[in-house]
Amino acid sequence: MCNILYEGKSKIVCKGRDESTLLIRYKDTATAFNGEKKAELSGKGVLNAAISNLIYAYLEENGVKTHLVEVVDDTSVIAKKAEIIMVEVIVRNVAAGGFSKKYGVPEGSELKNIVLEFCLKSDDLGDPMINESQITAIGLATDEELGYMAGQALKINELLRSLFEKAGIRLIDFKLEFGRSGGEVILCDEISPDSCRLWDAETNKKLDKDRFRRDLGDVLDGYRDVLARLKNVR
Ligand code: 5GP
533 MCNILYEGKS KIVCKGRDES TLLIRYKDTA TAFNGEKKAE LSGKGVLNAA ISNLIYAYLE
593 ENGVKTHLVE VVDDTSVIAK KAEIIMVEVI VRNVAAGGFS KKYGVPEGSE LKNIVLEFCL
653 KSDDLGDPMI NESQITAIGL ATDEELGYMA GQALKINELL RSLFEKAGIR LIDFKLEFGR
713 SGGEVILCDE ISPDSCRLWD AETNKKLDKD RFRRDLGDVL DGYRDVLARL KNVR
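Going by our numbering, the first residue of the sequence shown is number 533, and it counts up by one from there.
#1: Should Gly658 be counted as a contact of the ligand 5GP given a C-beta to heavy atom distance under 7 Å?
#2: Using CA atoms only, rank isn't needed, just tell me which of Ser727, Gln666 and Ala614 is closest to Glu716.
#3: Going by DSSP, what residue range makes up the alpha helix (DSSP H) through Lys576?
#4: Could you tell me which of Ser713, Ala564, Glu664 and Gly700 sits nearest to Val765, measuring between CA atoms?
#5: Using 8 Å as the threshold, is the C-beta distance between Ile610 and Gly548 below it?
#6: Return yes when at least one heavy atom of the ligand 5GP lies under 7 Å from the C-beta of Glu568, else no.
#7: What number of angstroms, rounded off, separates the C-alpha of Trp731 from the C-alpha of Asn645?
#8: Reducing DSSP to helix, strand and coil, say where Leu686 ends up.
#9: Do the segment 631 to 643 and the segment 578 to 588 make contact, defined as three or more Cβ pairs closer than 8 Å?
#10: Heavy atom of the ligand 5GP less than 7 Å from the Cβ of Lys741, yes or no?
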């Protein structure tokens with residue numbers, strides 16, 4: 533077992549090899565609605581680790597700086613230690629989920645432009661949306677950091693859309709987290725079906741965590757499908 537520093541909803545963070553790294557282990561736990569719905573899905577950790585590692589390697593190859601240093605085993609990676617910026621960055625290509633509910637836009641509606649949202653990363657407050665002047669006012673991030681995160685989020689969106697398109701998958705929306713490490717801002721956390729909405733390009737079948745949130749059944753079948761298709765195009 534590793535030397536646990538922190539246990540989150542879907543990952544365990546342990547001491548790394550040295551002071552500048554952490555070991556992050558993906559868990560099988562699935563949660564939704566701020567932890568109100570919870571289940572153990574055997575094999576989810578392995579699937580999310582594989583999907584996120586493949587995506588982070590692809591992003592690195594395309595010039596995105598991430599926390600990923602090395603894959604240790606099928607559920608664990610070594611990552612750069614970073615001070616997490618407590619702002620979640622959400623990118624939306626198609627209306628769904630919280631956006632559809634909040635603004636009364638039917639799920640699946642095309643959007644005239646890409647939507648970028650910021651949310652305060654706080655389980656206690658339910659991750660409320662927060663605007664740029666509010667973020668800088670309370671010192672969560674500087675203007676420069678916000679501009680950088682927004683630019684990276686749009687670049688990552690373009691890269692991921694192209695990757696998923698080759699895999700026959702529509703990238704509907706996703707969430708990113710960034711951190712400060714060694715004087716720069718880097719992409720942290722994970723990109724997986726837990727943090728993205730992914731629909732089959734032909735049938736619009738959901739292949740992501742909405743299967744768990746909405747009791748659509750066979751949650752991990754969707755995740756396995758995503759991994760198999762990504763492996764085919766990488
Ligand atoms: P929504 O705001 O519609 O609930 O979420 C938008 C996108 O961001 C979805 O792909 C959703 O999975 C992701 N997302 C938003 N908040 C969180 C969060 O706290 N954790 C995870 N894993 N994903 C999130």
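We put the CB at the ideal spot given by N, CA and C, even for glycine.
With the structure as the only source:
#1: no
#2: Ala614
#3: Lys576 to Glu593
#4: Gly700
#5: Yes, Cβ-Cβ distance for Ile610 and Gly548 is below 8 Å.
#6: no
#7: 19 Å
#8: helix
#9: no
#10: yes
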